Amino acid sequence: MAVRLPAQFFLRDVLDVAPELIGKMLVRRFDDGRIEKYRITETEAYRGIEDLACHASKGRTPRTQIIFQEGGKVYVYLIYGMHWMLNFVAGKENEAFAVLIRGIEGFSGPGRVGRELELDRSFYGESLIDSSRIWVENADPISKIHTSKRIGVEYSGEWKEKMWRFYL
DNA sequence: GTAAGGATTGGC
DNA sequence: CCAATCCTTACT
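Following numbering that gives the first Met the number 0, the numbering of the first sequence begins with 0 at its first residue and continues without gaps.
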């Protein structure tokens, strides 16, 4: 029996949350009532205001404020004018942790994830604990998870060296 | 008000 | 390699 991940799952260090999301089931209930489940295959951790690759390092702005809230919420933003990036906020209030969902089974790349899930700005701040249209369910642990440097953060100095990308 | 650039993708 | 496409942020 699949169980929705509770708030406690997200209220931890993003370096625990991000790799543990690999293999979990991302569930989307579309407007027409159709429910699809996708295995999460790739994530990246963004860790607080000190992490220059993390949007929270720019401080609290209308766009980033959700990252500073308690874990378990959705952070979405539009990039390059066309791709909706799906993130989950992690950690306690003001820790400013986020996990970017970079891939789900059958769809590689964060832009393709957002397109498949039909995301838009209305998902900003959505609670993964309460929502009836997007949440995460538990699944058997994955034995072998790969790590690498994060993608597309060349501007972040020493932070680009962190091995904070996780994938099957 | 104006301008620069982005946690990307797909096509040439 | 580079255009697409538009929002956010910083600066005048």
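Glycine included, C-beta positions come from ideal geometry on N, C-alpha and C. All figures in this text were calculated on a predicted structure; none of them were measured in a lab.
Answer with buried or exposed for residue 18, where buried requires no fewer than 16 other C-beta atoms within 10 angstroms of its C-beta. Sixteen is the threshold: when 16 or more other Cβ atoms of the shown chains lie within 10 Å of the Cβ of residue 18, as they do, the residue is buried.
Buried/exposed call for residue 93, threshold 16 Cβ in 10 Å: Counting the other CB atoms within 10 Å of its CB gives residue 93 a total below 16, which places it among the exposed residues.
Rounded distance between the beta-carbons of residue 26 and residue 136, thought under 8 Å: Contact flag correct, Cβ pair sits at about 6 Å.
Between the Cα of residue 148 and those of 164, 155, 154, 141, spot the shortest distance and give me the residue it belongs to. Just measuring C-alpha positions, the residue of 164, 155, 154, 141 sitting nearest residue 148 is 164.
Test item: CB-CB of residue 44 and residue 73 under 8 Å: Taking the C-beta atoms as reference points, residue 73 is found no nearer than 8 Å to residue 44.
If you pair each beta-carbon of the segment 20-40 with each one of the segment 59-77, do three or more pairs fall below 8 Å? Contact between the segment 20-40 and the segment 59-77 is absent, because fewer than three Cβ pairs lie under 8 Å.
Measuring straight from C-alpha to C-alpha, what distance separates residue 124 and residue 63? Each residue's CA atom was taken as its position, placing residue 124 and residue 63 some 11 Å apart.
Please give the ranges of any beta strand (DSSP E) in the segment 119-167, keeping only runs that are unbroken, at least 3 residues long and fully inside the region. DSSP runs (the beta strand (DSSP E)) wholly in the segment 119-167: 133-136, 145-147, 164-166.
Please report how far the alpha carbon of residue 120 lies from the alpha carbon of residue 76, in whole angstroms. Residue 120 and residue 76: Cα-Cα distance of roughly 7 Å.
Expected contact under 8 Å - CB spacing of residue 91 and residue 20 to nearest Å: Not really, about 18 Å apart at Cβ, beyond 8 Å.
I believe residue 110 touches residue 166 by the beta-carbon criterion, under 8 Å. Please report the beta-carbon distance rounded to the nearest angstrom. Their Cβ separation, rounded to whole angstroms, is 16 Å, which puts residue 110 and residue 166 out of contact at 8 Å.
Just the Cα atoms here: how many angstroms apart are residue 130 and residue 160? Rounded to whole angstroms, residue 130 to residue 160 spans 35 Å at the Cα level.
Top-ranked residue by Cα proximity to residue 145, from 41, 31, 6: Measuring from the Cα of residue 145, the nearest candidate turns out to be 41.
Straight-line gap, residue 4 to residue 156 (C-alpha atoms, nearest Å): When rounded, the separation of the alpha-carbon atoms in residue 4 and residue 156 is 34 Å.
Grab me the residues of residue 141's own chain with a C-beta within less than 8 Å of its C-beta, minus the 5 sequence neighbours each way, in chain order. Within the same chain, 21, 22, 167 come within 8 Å of residue 141 by CB-CB distance, once the 5 residues on both sides are set aside.
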